[in-house]
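Protein chains in written order, with our numbering: chain E, 232 to 477; chain A, 15 to 255.
In this text, a Cβ means the ideal position worked out from N, Cα and C, and glycines have one as well.
All of these numbers come straight from a predicted model, not from anything done at the bench.
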Amino acid sequence: MTLIKTFSTAGRVLRQLKHDPRTLFLLFIVPSVLIIVLKYVFNSRAESFNSIAPMLLGIFPMVMMFLITSIATLRERRSGTLDRLMTMPISKLDFVLGYAIAFSTVALLQAIITTTVMLGLLHVPVMGGTFATIVGAVFAALLGTALGLFSSAFAMTEFQAIQFMPAFIFPQLLVCGLFVARDQMTKVLQWFADIVPLTYSVDAMKQVTTQSNWTYIHTKDLIIVACFTIAALVLGSITIRRQSKP
Amino acid sequence: MTSAVKINNLSVVLGGQVNALKHINLEVPEGKITGFIGPSGAGKTTLIRCIVGRLAIPKGSVEVFGLTSGSPKLRSRVSYMTQELSVYTDLTVIENLTYFSRMIGQSRRETIDTVKDILQTINMSDKATTLVGCLSGGQKQRVSLAIALIGKPKLMVLDEPTIGLDPALRENLWQLFYKIAASGTTLIISSHSMDEARRCDELVLLREGKVIAYDSPKELLHKTETKSVEEAFLKLVSEKS
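Listed below in structure tokens is the structure:
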């Protein structure tokens with residue numbers, strides 16, 4: 232693995248995005264618009280909105296990066312560019328980390344915009360502060376990127392890649408504690424919630440919302456999200472093969 | 015004459031069902047243009063993928079410059095142009111060339127010089143800042159070929175590089191192939207077009223995963239007593255069946 236190739240790959244992915252202003256607009260603006268819409272959905276229940284909105288910052292970046300990464304990587308696999316790259320002196324980690332760096336940069340910008348809208352415009356009270364909120368959102372985005380890279384190996388078409396959203400992400404969304412507190416769910420679902428990463432991403436955001444100091448639980452949540460991210464990146468790089476079987 | 019590629023008793027069964035290659039024995043000479051010619055489904059792409067190391071070899075062996083195909087040491091010496099365009103259509107020509115040049119391991123300085131040279135070679139300096147997706151089919155093909163030229167590889171493996179091109183463009187590309195071969199680079203070019211066969215130094219005629227002839231175009235016509243490669247191909251097919 233070489234840093235030059237990793238950062239060249241990240242630069243290339245960012246340049247591709249730069250040439251696609253529509254995607255950039257959707258990436259940066261949609262989460263903020265959704266949060267604004269949600270505020271008016273909870274029009275008369277400001278307290279409910281204030282507790283849910285920060286948790287969404289642990290979900291939106293993950294979902295969006297999951298979709299974008301899985302389709303972008305699938306495009307690499309199907310257009311022949313990955314085929315070509317794998318005959319060159321580039322390591323699989325250069326490729327995978329290049330994507331991770333590029334999309335975490337995008338996620339950082341997305342998180343800054345969404346957090347600014349949420350805290351500055353909508354005045355959602357977040358006790359942990361802006362920095363901790365952005366850190367949580369970036370971790371969630373990195374997780375989405377890593378899961379997207381990994382899941383793209385199992386999709387043959389863009390249609391299938393999109394279908395992985397309900398298959399991979401929605402079950403996590405249902406049990407992560409956004410809709411119902413986890414301790415109120417059946418035991419089996421609690422166990423399931425304990426082993427999926429979105430739970431910890433949402434938990435980290437809950438900590439940011441309710442705690443003014445950086446807590447042990449917050450650190451633990453972020454470490455678990457990071458471990459899932461690293462595991463998915465490693466598995467993702469394993470699914471990229473230099474040689475295919477006939 | 016030394017061989018760039020040595021293939022011994024190579025057999026490949028795709029998906030456990032299709033006999034894509036059957037007992038192939040070949041030696042591709044260094045510094046020449048060798049054409050893999052045959053109809054669709056003859057096994058050309060499978061053979062090429064074995065040579066560049068993208069396909070695991072279950073039976074037989076493939077050596078490139080004395081090393082097992084796919085060996086890490088070959089990655090900077092062998093370039094591969096796939097049948098698909100294999101370029102980023104949402105990047106400009108210069109961004110594509112710069113990226114692949116960095117992936118081959120060239121420094122920033124080398125990359126600037128390489129990109130400038132290659133743009134001139136493929137006659138696309140005026141399109142350097144155009145998005146590849148906005149180019150014509152022939153121009154996209156030239157960008158894809160340009161990437162295969164980066165780093166002055168010792169072996170270039172080009173899978174159907176002239177497919178879909180008009181005759182004038184095809185002629186241009188062939189002049190470029192001759193120029194590259196004259197500099198000592200070995201070229202393997204696959205094509206389903208028999209017209210292109212006569213342009214190669216050596217010909218490997220493939221059908222249903224088997225080599226049915228391996229000769230220079232002149233020798234092939236002489237031995238089969240025919241006037242074109244297409245006639246020779248048809249005669250050989252009828253003899254074998």
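Residue 303(E) is positioned such that its CB atom lies no closer than 8 Å to that of residue 331(E). What residue 127(A) touches in chain E, judged by beta-carbon distance under 7 Å, is nothing: the nearest beta carbon there is about 17 Å away.
Around residue 279(E), the same chain offers 273 as residues with beta carbons nearer than 6 Å, after the five sequence neighbours per side are excluded. DSSP, reduced to helix, strand and coil, places residue 172(A) within a strand of the structure shown.
In the three-state reduction of the DSSP assignment, residue 164(A) falls in the coil class. With a beta-carbon spacing of about 13 Å, residue 357(E) and residue 266(E) fall beyond the 8 Å limit used to define contacts. Between residue 308(E) and chain A, the shortest Cβ-Cβ separation is not below 8 Å. Put simply, the CB of residue 117(A) is near chain E, with a gap under 8 Å to one of its CB atoms.
Under a 10 Å Cβ-count criterion, residue 323(E) is classified as buried, with 16 or more other Cβ atoms of the shown protein chains found around its own Cβ. The region 30-43 of chain A and the region 398-413 of chain E do not touch, with fewer than three beta-carbon pairs separated by less than 8 Å. Residue 170(A) and residue 298(E) have their C-alpha atoms some 36 Å from each other. Under the criterion of beta carbons closer than 8 Å, residue 380(E) and residue 463(E) qualify as touching, at roughly 7 Å. Pairing residue 345(E) with residue 305(E), the inter-Cα distance amounts to about 28 Å.
Straight-line measurement puts the Cα of residue 66(A) at about 6 Å from the Cα of residue 84(A). Contact note: residue 320(E) reaches chain A through 86, 89, 90, 117, 118 and 119, using a C-beta cutoff of 8 Å and chain order. Not a single C-beta of chain A is nearer than 8 Å to the C-beta of residue 299(E). Note on the region 16-67 of chain A: whole alpha helix (DSSP H) runs with a minimum of 4 residues are 58-65, in chain order. For residue 317(E), the residues of chain A that pass the 8 Å Cβ criterion are 68, in the order they occur in the chain.
The alpha-carbon of residue 454(E) is positioned some 34 Å away from that of residue 475(E). Going by beta carbons, residue 100(A) and residue 312(E) fall inside the 8 Å limit. With contacts defined as CB atoms closer than 8 Å, residue 95(A) and residue 158(A) qualify as a contacting pair. In the displayed model, residue 217(A) falls within a strand according to three-state DSSP.
Contact annotation: the region 281-301 of chain E touches the region 432-439 of chain E, with at least three C-beta pairs closer than 8 Å. With the criterion set as a beta carbon lying under 8 Å from some beta carbon of chain E, the members of the region 73-85 of chain A are 84, in sequence order.
For residue 250(E), a Cβ of chain A is located within less than 8 Å of the residue's own Cβ.
Within chain A, the residues whose beta carbon sits less than 7 Å from that of residue 235(E) are 116, listed in sequence order.
Around the beta carbon of residue 102(A), 16 or more other beta carbons lie within 10 angstroms, which makes this residue buried. Residue 196(A) and residue 222(A) have their C-alpha atoms some 32 Å from each other. For residue 117(A), the uninterrupted alpha helix (DSSP H) run begins and ends at 107-118, by DSSP. The beta-carbon distance between residue 241(E) and residue 333(E), rounded to whole angstroms, is 4 Å. This is short enough to meet the 8 Å contact definition. At least 8 Å separates the CB of residue 59(A) from every CB of chain E. Taken in chain order, the complete beta strand (DSSP E) segments of 3 residues or longer contained in the region 177-212 of chain A are 200-205. Scanning 232(A), 117(A) and 49(A) for the CA closest to the CA of residue 211(A) turns up 49(A). Scanning chain E for C-beta atoms nearer than 8 Å to the C-beta of residue 146(A) yields nothing, as the closest lies near 10 Å away. Proximity of residue 336(E) to chain A, defined by a Cβ-Cβ separation below 8 Å, is not satisfied.
Annotation: residue 229(A) is outside any alpha helix (DSSP H); the continuous beta strand (DSSP E) that includes it extends over 224-229.
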